[in-house]
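Single-structure report; data block below.
So, in structure tokens, the structure goes:
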């Protein structure tokens, strides 16, 4: 037993040494060779580094914040990638810097906007309208992101080929690349959903508003209905709207969020929806809807039959 153990160790070591020296395929190249390109190590290349801002505060204004996060958006959504199912990454420090800058921007703007609102109106009116102005609610950044997605989707539409046979082969990978970028940005700017979108939905500014279902619910409301019964009827009406998109009450719990994302993406552009649905909605409006428009064919003008010359002479 002792001899067998001693004989195995030098044999294994020598075989491993020979494999490495000879470049055998059995050796696992865990460490890349010198001169290996970064794209061979990272499929998307190295992550986008955190840009140097110096002493500037990215959360000082909307312009400063947008200039700070825009390179990340371009890298995640617009940069070319071989794998369209996954967006190119950014550096961890850059990711944390964006999250911190967005948080500080919302916090500072909310704190600085309250005294201005109090100066403009009475104290009671200021408390009754806390969302006066875009700085408090975050509408400025939300609209900026919406415009960014609109420009990106419009670029996809303008690059579409005129040949119907090649349109599908162009559109599918473009949408996959766009979709992966939209989902990555949604995770990157999740604080916008938490701070602004959630509050807007609670304030009846979401994809389905009370005015959309009030007429239908008002017809079935009775005089003796309590507030709880009216709210229950409103919830039932909301379920009826979701069933148009394939929702089933006996379905799994995650089906509700999945179906609601469809309804949010199909909503008008004035409705406040999460960032993922906002990106899909802009792709529908700026790219898909123009492609589905049937061009108007001009009817050819009827040619006037010339009056025979011999008939003219006969009449004369």
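In this note's numbering, the protein residues as written are 41 to 356.
For glycine and all other residues, C-beta sits at the position ideal for the given N, C-alpha and C.
Using three-state DSSP, classify residue i as helix, strand or coil.
i: residue 88; result: strand
i: residue 260; result: coil
i: residue 130; result: strand
i: residue 98; result: coil
i: residue 277; result: helix
i: residue 143; result: helix
i: residue 287; result: coil
i: residue 15; result: An answer regarding residue 15 cannot be provided, because it is not within the stretch 41 to 356 covered by the chain.
i: residue 308; result: coil
i: residue 201; result: coil
i: residue 137; result: helix
i: residue 233; result: helix
i: residue 120; result: coil
i: residue 282; result: helix
i: residue 265; result: coil
i: residue 250; result: helix
i: residue 54; result: With a pLDDT of 46 at residue 54, under the threshold of 50, the modelled position of that residue is not reliable, and the figure given next carries that caveat. Note: residue 54 maps to helix in three-state DSSP.
i: residue 125; result: coil
i: residue 64; result: With a pLDDT of only 41 at residue 64, under the threshold of 50, the placement of this residue in the model should not be trusted, and no figure is reported.
Just to confirm, is the Cβ distance from residue i to residue j under 7 angstroms?
i: residue 323; j: residue 193; result: yes
i: residue 129; j: residue 89; result: no
i: residue 257; j: residue 278; result: no
i: residue 17; j: residue 116; result: The requested residue 17 does not occur in the structure, where the chain is confined to residues 41 to 356.
i: residue 241; j: residue 214; result: no
Am I right that residue i and residue j are in contact with their C-beta atoms under 8 angstroms? What's the rounded C-beta distance?
i: residue 13; j: residue 111; result: Residue numbering for the chain in the displayed model covers 41 to 356; residue 13 lies beyond these limits and cannot be assessed.
i: residue 253; j: residue 178; result: Contact flag wrong, Cβ pair sits at about 26 angstroms.
i: residue 326; j: residue 190; result: 5 angstroms
i: residue 125; j: residue 216; result: 6 angstroms
Look at the alpha carbon of residue i and the alpha carbon of residue j, and state the distance between them as a whole number of angstroms.
i: residue 225; j: residue 265; result: 45 angstroms
i: residue 293; j: residue 318; result: 23 angstroms
i: residue 228; j: residue 234; result: 12 angstroms
i: residue 236; j: residue 148; result: 14 angstroms
i: residue 144; j: residue 320; result: 28 angstroms
i: residue 303; j: residue 238; result: 16 angstroms
i: residue 187; j: residue 221; result: 15 angstroms
i: residue 248; j: residue 207; result: 33 angstroms
i: residue 329; j: residue 142; result: 32 angstroms
i: residue 85; j: residue 307; result: 37 angstroms
i: residue 262; j: residue 273; result: 11 angstroms
i: residue 246; j: residue 315; result: 12 angstroms
i: residue 72; j: residue 123; result: Here residue 72 scores only 38 on pLDDT, less than 50, and its place in the model is too uncertain to base an answer on.
i: residue 106; j: residue 270; result: 43 angstroms
i: residue 102; j: residue 260; result: 47 angstroms
i: residue 243; j: residue 331; result: 35 angstroms
i: residue 311; j: residue 182; result: 12 angstroms
i: residue 305; j: residue 313; result: 8 angstroms
i: residue 275; j: residue 146; result: 32 angstroms
i: residue 211; j: residue 118; result: 15 angstroms
i: residue 108; j: residue 283; result: 41 angstroms
i: residue 298; j: residue 285; result: 10 angstroms
i: residue 95; j: residue 135; result: 19 angstroms
i: residue 335; j: residue 202; result: 13 angstroms
i: residue 184; j: residue 114; result: 14 angstroms
i: residue 251; j: residue 209; result: 41 angstroms
i: residue 159; j: residue 309; result: Confidence is the limiting factor: at residue 159 the pLDDT is only 39, short of 50, which leaves the residue's position unreliable, though a coordinate-based value still follows. About 33 angstroms.
i: residue 131; j: residue 180; result: 26 angstroms
i: residue 97; j: residue 255; result: 49 angstroms
i: residue 289; j: residue 296; result: 9 angstroms
What span of residues does the alpha helix (DSSP H) with residue i cover, start to end?
i: residue 196; result: 179-198
i: residue 299; result: 294-305
i: residue 225; result: 204-228
i: residue 334; result: It is not in any alpha helix (DSSP H) - residue 334 carries neither H nor E in the DSSP assignment.
i: residue 238; result: 238-242
i: residue 319; result: 315-323
So with Cβ pairs under 7 angstroms, would you call residue i a contact of chain C?
i: residue 132; result: You won't find chain C in this structure, because it holds only one protein chain.
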